[in-house]
Amino acid sequence: MKLFAVAILLLQTAVSEVQANSNDGSAMRAMRDEMKRTISQLQIENLEKPYYVEYSLVRKKSYAAKAENGAVSVCDDNEYVRLSVNVRIGDYKFDNSNFLDFSSFFFGSDDDEERFIGRLIPLDADYSTLRRELWLATDAAYKSALETYTKKVASLKNRVRKDSTPDFIPAKGQISVDTFPLPEINLSDFAGLCRDISAMYSKYPEIYASQTSFEYSTDELLYLNSEGVEMQKNDMYSGIEIAAYTQAGDGMPFGNFYSAYAINPLDLPKKDSLMKANADLIKSISAIVQAPVLDEPYSGPMLFAGQAAGEIFAQIFAPQLIAQRDMLTEQGKQANERYSAFQNKIGGRVLPEFMSVSDDPTSAKYGKTPLFGNYKYDDQGMNAQKIVLVADGYLKNLLSGRTPTKRVKESNGHFRGAGPMISNLLVETNADHAKSYADMKAKMMKLCKDRELPYGIVIKKMMNPNIFATVLYSLSSGLLMPKFNQILGPVEAYRVYPDGREELVRGVDFGSFSPQSFKDVILCGKNKNVLNYYMSGVVQALSFAGSRYTNVSVVVPDLLFEDAEIKPNDEDTPKLPLYSNPEN
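Heads up: the sequence shown begins at 558 in the numbering used here, then just goes up one per residue.
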C-alpha cells in the first residue's frame, strides 16, 4: 500500500508539473477533455469508430540571420503554434496506416479549416479556442482516416494477404516531462557575426558568391494520445553554415562549405574559431580552383579521412539502419528501394567482423564534443533507448518507432519527425584494426604497389546533401544541380603517390558505392570524427507529415576501403562570365 501511495503521489506530481508548464495547464486540459469527447462520441453511423487518437501541439520560435559580402540580408524571428491530429480506424492488427493513397492530400486538405497536420492555430489560443481547433482537426482527420481505411480494405479484397504483421504496436500509458529553460539570444549579435564572416569574401573577387547563415529554433511540445501517453518536452537546435560558390578557369562550377551545429546555441564555436574556419575555407577554395582535373577513372584502395569518413557513412550506410515497411497502395506494395538493403539482413554480416555500431540518443557528448542527436523521449512519447545495431560485423537490430516490420516487432524509442531516425550513431573497431593516419596511408600505398597502381586516393571532405540542396543550389543560380538518389562527389580528393606526396584534384565523382561496399573496409583510424548534421527523412516526410530534416550525429573513425571507385565528372560546364567581377 505504501508503494502504491508513493506511485500515486509521483504520478500526481508529474501531472502537476505538466500542467504548471503548459499555459497554466489549460492547453493540456483542453487536449484531455477533447480526447475524452472524441473517444466517446466520434463516429459516423454504421462506420468504424477510432481506436486510437493522437494530439501534438508545438509552439515553435525560430531565429535566422544571413549575410552576403559583408551585408546582412536576413535578420528575422518568428513564432507560431501548430496542431497535428492522428486518427486510426480499425485495430492494432489492421488499420488505415501503412497505405499510400496517391489521389489524396497527405496533409489533410488545402483548406486551412480542414487541415489536421501542421494546422496553424492562434498563438494565444485559450481553452475554448483550442477545444474548437482540436474538434475541427480531429473531425477532418477522422474523415480522411475513414476514406483511407475503405480504400485499403478494397485494395485487399481480391488478394491473398501473406503479410500479417500488425499495423501498430500498443503502448502503455505514461506521463513524461523533459523541459528545461530555453536560452534567450540576441539575434542582432549573431547577425553581426554573420556580417563579419561574410565580409572576408570581399577580398577574394574570384569567389563569385558566398553566404553565412545562423539559425536557432526552439520547440515546446505537448503530446497526448488515447492510450494515456502524455508528454511535455522542449527541443532546440542551432547551427552556423558558411557556403561559397565559384568557377574554375575551364568553367567547372564548384562549391564548398563549413558547418557547425549544436543543440544549444551557446555551444556553437566562438567568433575567433569561426573566422579561422572561414579563412581555411577560402584557402581551400583557392587551392581547388587551381587543382588539376581528374583525367581517368580510378578503382583501388581508398582512404576516407576526417569529415569525409563521417559523411560517407552518414549518406550510404546509416539510412539502411532504419526499420521500414513496404507500403500498400491500390496497385500493390511499394518499397523504399534506396534504403531497403538491410530490412531482411538481421543476423547477416554487413560490416567487417572488427566493426560494431550502436545508437544512443541518451548521450549528450562524445568526449568533450556535444552531440546533436540527444533526447530523452521520441516524438511518440516512448523512452529513448541505446541500441546495438551491428555487433562484430553482424546486423542485430534496426531503429524503430511503433510501426512494426517482419523483423522488428517493438519500438526502441527512435521515432522523430516523419519516422524512425538515427540519433547518435557510434562506430567502434577493435584495437588490432585501429591505426594512425600514417599507418593507414602506408597500407593503402602497399596495396597500390601490389596492384601496380601509380597512386592511391584519399578523400578528406565530402559535400553535405542538406547544404548542397538548400544553399549551394540557389547560391550558384542552379549551376550546381543536385543529383537525385546519387551520392554527392568529393569536395577535397587527393592523389597520393609512392613518395607520400598528396596532390589535390577536382572534377571527381564516385563510381558504384553501396552499403555492401563497407564490407571492404580493412582498417579504421584510432581517433573518431564527430559529424553533427541535419539528416533528410528516410521515411518520406511528404507522406507522413513529419520534419524534412532531423538533427543527428555520427561518430566514425577514418575508413580504409580495399577497393572503391571514382571517375571524372564528364558533365558539360557552363561558360565563364563575359567580364570580370567589379571588385577585381
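We treat Cβ as the ideally placed atom computed from N, Cα and C, and that holds for glycine.
Thinking C-beta only, is Y706 closer than 8 Å to L599?
As a position in the sequence shown, residue 599 is number 42, starting the count at 1. As a position in the sequence shown, residue 706 is number 149, starting the count at 1. Not closer than 8 Å, so no.
Please give me, in chain order, every unbroken run of the beta strand (DSSP E) with length at least 3 that falls completely inside the region 612-660.
628-646
Leaving out five residues on either side along the sequence, give the residues of the same chain with a beta carbon under 6 Å from the beta carbon of Y684.
The residue given as residue 684 occupies position 127 in the sequence shown. Taking Y684 as the centre and dropping the five residues before and after it, the same chain places the C-beta of S583 and A587 closer than 6 Å to its C-beta, in chain order.
Just the Cα atoms here: how many angstroms apart are R906 and N954?
Position 349 of the sequence shown, counted from the first residue, corresponds to residue 906. Position 397 of the sequence shown, counted from the first residue, corresponds to residue 954. Distance between the alpha carbons of R906 and N954 is about 12 Å.
When you compare each of G1057, G1046 and Y1012 to P810 by their alpha carbons, which one comes out closest?
Your numbering for residue 810 matches position 253 in the sequence shown. Nearest of G1057, G1046 and Y1012 to P810, Cα basis: G1046.
Just curious, the alpha helix (DSSP H) that G812 is in, first and last residue?
Taking the first residue of the sequence shown as 1, we reach residue 812 at position 255. Here G812 belongs to no alpha helix (DSSP H); instead the beta strand (DSSP E) covers P810 to A819.
Quick one: Cα of S630 to Cα of M788, how far?
Within the sequence shown, numbered from 1, the residue matching residue 630 stands at position 73. Within the sequence shown, numbered from 1, the residue matching residue 788 stands at position 231. So the alpha carbons of these two residues sit roughly 38 Å apart.
Roughly how many angstroms separate the alpha carbons of P1072 and Q1043, rounded to a whole number?
For the purposes of this step, residue 1072 is identified with residue 515 of the sequence shown, where counting begins at 1. For the purposes of this step, residue 1043 is identified with residue 486 of the sequence shown, where counting begins at 1. Across the structure, P1072 and Q1043 are spaced so that their CA atoms are roughly 13 Å apart.
Looking at the structure shown, is N835 part of a helix, part of a strand, or coil, going by DSSP?
Position 278 of the sequence shown, counted from the first residue, corresponds to residue 835. Of the three classes helix, strand and coil, the one that applies to N835 here is helix, per DSSP.
Quick one: does the C-beta of A871 sit closer than 7 Å to a heavy atom of the ligand PLP?
As presented, the structure is devoid of all ligands, the ligand PLP included, so that no description of it is given.
Per DSSP, what kind of secondary structure is K992 in: helix, strand or coil?
Taking the first residue of the sequence shown as 1, we reach residue 992 at position 435. Per DSSP, reduced to three states, the secondary structure at K992 is strand.
State the CB to CB distance for the pair V808 and A801, rounded to an integer number of angstroms; the pair is presumed to be in contact (CB under 8 Å).
Counting from 1 along the sequence shown, the entry for residue 808 is found at position 251. Counting from 1 along the sequence shown, the entry for residue 801 is found at position 244. Checking the displayed sequence, the identity of residue 808 turns out to be Gly instead of Val. Contact doesn't hold; Cβ gap of about 17 Å is too wide.
Cα-Cα, which of S1110, M592 and D1127 is closest to A866?
Locating residue 866 in the sequence shown gives position 309, where the first residue counts as 1. If you compare the alpha carbons of S1110, M592 and D1127 with that of A866, the shortest gap goes to S1110.
Taking the beta carbon of D581 as the centre, do at least 16 other beta carbons fall within 10 Å, making it buried, or is it exposed?
For the purposes of this step, residue 581 is identified with residue 24 of the sequence shown, where counting begins at 1. The pLDDT assigned to D581 is 47, lower than 50, so where the model puts this residue is not dependable, and the model offers no usable value.
Taking the beta strand (DSSP E) that F673 falls in, what are its first and last residues?
In the sequence shown, the residue the question calls residue 673 occupies position 116. Looking at the DSSP string, F673 is not in any beta strand (DSSP E), and its letter there is neither H nor E.
State the DSSP-derived secondary structure class of G749, mapped to helix, strand or coil.
One-based indexing of the sequence shown puts residue 749 at position 192. Three-state result, G749: helix.
Go through its chain and collect everything with a Cβ distance to L657's Cβ below 8 Å, but skip five positions before and after it.
Taking the sequence shown and counting its residues from 1, the one referred to as residue 657 is at position 100. For L657, where only same-chain residues beyond five positions count, the Cβ hits under 8 Å are M884, L885, T886, Q891 and S1100.
If F1025 sits next to S1074, beta carbons under 8 Å apart, how far is it from one beta carbon to the other, in whole angstroms?
What you label residue 1025 is simply residue 468 of the sequence shown in a count that begins at 1. What you label residue 1074 is simply residue 517 of the sequence shown in a count that begins at 1. About 21 Å; that fails the 8 Å criterion.
Restricting to Cα atoms, I'd like to know which of G1094, I646 and F814 is closest to A834.
For this step, residue 834 is matched to residue 277 along the sequence shown. Checking every option, the nearest Cα to that of A834 belongs to F814.
Which residue wins for smallest C-alpha separation from T803, given the options Y1030, L1116, R1058 and L1010?
Here the question's residue 803 lines up with position 246 in the sequence shown. Measuring from the Cα of T803, the nearest candidate turns out to be Y1030.
Decide yes or no for the touch test of the region 602-618 against the region 775-793: beta carbon pairs closer than 8 Å, at least 3 of them.
Look at the beta carbons and you see the region 602-618 touching the region 775-793: at least three pairs across the two are nearer than 8 Å.
L952 and F899 look like a contact to me (Cβ under 8 Å); what is the Cβ gap, rounded to whole Å?
The residue labelled residue 952 in the question sits at position 395 within the sequence shown. The residue labelled residue 899 in the question sits at position 342 within the sequence shown. Under the criterion of beta carbons closer than 8 Å, L952 and F899 qualify as touching, at roughly 6 Å.
Going by the DSSP bridge assignment, what does Q891 pair with across the sheet?
Translated into the one-based positions of the sequence shown, residue 891 becomes position 334. In the DSSP output, where bridge partners are listed per residue, Q891 has M884.
Pull up the distance between the alpha-carbon of L739 and that of Q888, whole angstroms please.
Walking along the sequence shown from the start, residue 739 turns up at place 182. Walking along the sequence shown from the start, residue 888 turns up at place 331. C-alpha separation (whole angstroms): 47 Å.
Going by DSSP, which residues form a beta bridge with K790?
Sequence index remark: in the sequence shown, residue 790 carries index 233 (1-based). K790 pairs with D735 and L778.
Please check the pair T926 and V1087, which I expect to be a contact at CB under 8 Å, by giving their CB distance rounded to whole angstroms.
Position 369 of the sequence shown holds residue 926. Position 530 of the sequence shown holds residue 1087. Right, the Cβ-Cβ distance comes to about 5 Å (below 8 Å), so this counts as a contact.
May I ask you to report which of helix, strand or coil DSSP gives F972?
Taking the sequence shown and counting its residues from 1, the one referred to as residue 972 is at position 415. Strand at F972.
State the Cα-Cα distance for the pair D1066 and P854, rounded to the nearest angstrom.
Taking the first residue of the sequence shown as 1, we reach residue 1066 at position 509. Taking the first residue of the sequence shown as 1, we reach residue 854 at position 297. Rounded to whole angstroms, D1066 to P854 spans 9 Å at the Cα level.
Can you check whether the CB of S774 is closer than 8 Å to the CB of Y641?
If you number the sequence shown from 1, residue 641 lands on position 84. If you number the sequence shown from 1, residue 774 lands on position 217. Note that residue 641 is Ser in the sequence shown, not Tyr. Not closer than 8 Å, so no.
Should E1128 be labelled buried (16 or more other beta-carbon atoms within 10 Å of its own) or exposed?
Working through the sequence shown from its first residue, we reach residue 1128 at position 571. Burial call: exposed.
With a 10 Å radius around its C-beta and 16 neighbouring C-beta atoms as the bar for buried, classify V638 as buried or exposed.
For the purposes of this step, residue 638 is identified with residue 81 of the sequence shown, where counting begins at 1. It counts as buried.
Should F737 and R645 be called a contact, given that it needs their Cβ atoms to be closer than 8 Å?
Here residue 737 corresponds to residue number 180 of the sequence shown, with the count starting at 1. Here residue 645 corresponds to residue number 88 of the sequence shown, with the count starting at 1. Not a contact, by the Cβ cut-off of 8 Å.
With a CB to CB cut of under 6 Å and the five nearest residues on each side skipped, what residues in its chain are close to N635?
Start at 1 with the first residue of the sequence shown, and residue 635 comes out as number 78. S619, listed in sequence order.
So which of V1096, L1010 and I873 has the shortest CA-CA distance to S1069?
Counting from one through the sequence shown, the residue named residue 1069 turns up at place 512. Cα-wise, what sits closest to S1069 is I873.
Look at the alpha carbon of G785 and the alpha carbon of Q937, and state the distance between them as a whole number of angstroms.
Here residue 785 corresponds to residue number 228 of the sequence shown, with the count starting at 1. Here residue 937 corresponds to residue number 380 of the sequence shown, with the count starting at 1. Straight-line Cα distance between these residues: approximately 12 Å.
Quick one, are the C-beta atoms of E868 and M1019 less than 8 Å apart?
Here residue 868 refers to the residue found at position 311 of the sequence shown. Here residue 1019 refers to the residue found at position 462 of the sequence shown. The answer is yes: Cβ separation under 8 Å.
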